[in-house]
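Structure first, commentary second.
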Amino acid sequence: MTGSDPDSDGDASSDSHVDTDAEPDHGNLDRLVTTLHDRLAATATRPVREDASRWLGEAEAVAGDLAVGPLPDDEVVRTRLGHVERLLSNVGGTEDEAADEHVASARAALADALAALGDGDDGGGDG
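Following this line, the structure appears as structure tokens:
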């Protein structure tokens, strides 16, 4: 009987799912933003096309701004991640397999970070 608490077992899992709409998991969001930045930074050492390099460098800078220090409020994070998403939309391919893998990993982290934030209001922007 020691070590088993039926009350905490049932309530803990259901309670954590109820609150997901109220506030994102900032620890997970922070890890995703760091992964996004790290994957983009990894492309800097690869021999990528010049046009792709410019877009990747700008996306890395924006992600890097988020990755250092505590995250700003969710609206600011969502806006900056949207900017990274727009920048990455200009990168079709890099002509380097390893860089393409880093970009794919960065895009996955970006999608997960945006999902962690939720949709927000989505009707308030003019972009």
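For the record, in the sequence shown the residue sitting at position 25 is 25 according to the UniProt record's numbering, with numbers rising by one throughout. Yeah, the Cβ is synthetic: ideal placement off N, Cα and C, and Gly gets one too.
As assigned by DSSP and simplified to three states, the class of residue i
i   : result
E97 : helix
G64 : helix
G92 : coil
D73 : coil
R46 : coil
G57 : helix
Exposed unless 16 or more other CB atoms sit within 10 angstroms - verdict on residue i
i    : result
V91  : buried
A115 : exposed
E60  : buried
The alpha helix (DSSP H) enclosing residue i, as first and last residue numbers
i   : result
N28 : 26-42
Spatial neighbours of residue i in its chain, beta-carbon cut-off 6 angstroms, leaving aside the 5 residues before and after
i   : result
T45 : none
G69 : none
G64 : H37
Residues near residue i in its chain [Cβ-Cβ closer than 8 angstroms; skip 5 each side]
i   : result
R39 : H102, V103, S105, A106, A109
N28 : A116
G93 : R49, A52, D100
Close beta carbons around residue i, own chain, < 7 angstroms, minus the five adjacent residues each side
i   : result
A98 : R46
* How about the region 87-107 and the region 71-79: do they share at least three Cβ pairs that are nearer than 8 angstroms? -> no
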